[in-house]
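Yeah, the sequence shown ends on 266 if you go by our numbering, and it's all consecutive.
Yeah, the Cβ is synthetic: ideal placement off N, Cα and C, and Gly gets one too.
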Amino acid sequence: MRIALFVTCLADTLFPDVGRATVTLLERLGHQVVFPEGQTCCGQMHINTGYPRQARKLVRRHVETFEPYDVIVAPSGSCVGSVRHQHATVAREAGDEVLAARAETLAKRTFELSELLVDVLGVEDVGAAYPHRVTYHPTCHSLRMLHVDDKPLRLLRRVRGLDLVELPDAEQCCGFGGTFALKNADTSTAMLADKMRCVLSTKAEAVTAGDASCLMHIGGGLSRLRTGTRTVHLAEILAAR
26 MRIALFVTCL
36 ADTLFPDVGR
46 ATVTLLERLG
56 HQVVFPEGQT
66 CCGQMHINTG
76 YPRQARKLVR
86 RHVETFEPYD
96 VIVAPSGSCV
106 GSVRHQHATV
116 AREAGDEVLA
126 ARAETLAKRT
136 FELSELLVDV
146 LGVEDVGAAY
156 PHRVTYHPTC
166 HSLRMLHVDD
176 KPLRLLRRVR
186 GLDLVELPDA
196 EQCCGFGGTF
206 ALKNADTSTA
216 MLADKMRCVL
226 STKAEAVTAG
236 DASCLMHIGG
246 GLSRLRTGTR
256 TVHLAEILAA
266 R
């Protein structure tokens, strides 16, 4: 299968290893991965902060860039959530029904990584090995917008050597929420403290998730406290041998 990688802004600029791991994993499973160089921000940040006019331009560019491909994957629940649940709405509210229809069609071919592996490719054992004690944080967008359910856990359970421990109060938000962490810093910090307390209670060596944004937030807190617990993206675990 020929798969287009929608790498996302955060992975591209701050966590390139996540994008590389996604490619490594899919190629190991026998698929060709292409990187459309015309891709930019999907516009989620603009939509969420009240800039729909600027977002429309990015929605159009995203559609035009990825439309030629049958399957698109992103190592990010939040960005896939934006493509699925925001792009067509942004176009439609601007009166552009043609773009809205194109965005809806593209959204049906766009998948978060665990969705692609389990639902589209029909694989749970990806041949990974990661001999560490790990806990999993289900990010808000993947859990509530995409409803990936237990797909990441099913993949993690098949990783050789991995000791998967349940995260208490796993479904509670970590407090990032994009600009929420900036505009509501005190609340965000309190939510992060709760999440870190749960992570540390598992005595895991690492906490994983499907969104680099949440891992950045959690990882920053764990690092500042010098806990020794690291963060690692789901793609990096699944790509490990």
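{"query": "Spatial neighbours of A237 in its chain, beta-carbon cut-off 8 Å, leaving aside the 5 residues before and after", "result": "T33, L35, A36, L39, F40, V43, P100, S101, H258"}
{"query": "Start-to-end residues for the beta strand (DSSP E) that takes in R81", "result": "Premise fails: R81 lies in the alpha helix (DSSP H), 77-91, not in any beta strand (DSSP E)."}
{"query": "Which of helix, strand or coil DSSP assigns to F60", "result": "coil"}
{"query": "Collapsed DSSP secondary structure at R255 in the structure displayed", "result": "strand"}
{"query": "Helix, strand or coil at R266 [DSSP, three-state]", "result": "coil"}
{"query": "Contact check, V184 vs A229, beta carbons under 9 Å", "result": "no"}
{"query": "Same chain, Cβ closer than 8 Å to G147, five either side skipped, listed in chain order", "result": "none"}
{"query": "Assigned secondary structure, D42 (DSSP; H/G/I helix, E/B strand, else coil)", "result": "helix"}
{"query": "Chain-order list of residues whose beta-carbon lies under 7 Å from that of T227 (same chain, five-residue window excluded)", "result": "T160, V190, L192"}
{"query": "Buried or exposed by the 16-neighbour rule on C-beta atoms within 10 Å, applied to T256", "result": "buried"}
{"query": "Cβ neighbour criterion (16 or more within 10 Å) applied to H87", "result": "buried"}
{"query": "Straight-line Cα distance separating A231 from G253", "result": "9 Å"}
{"query": "Exposure label - V48; buried when at least 16 CB within 10 Å", "result": "buried"}
{"query": "At least three beta-carbon pairs within less than 8 Å, the segment 118-128 to the segment 191-208", "result": "no"}
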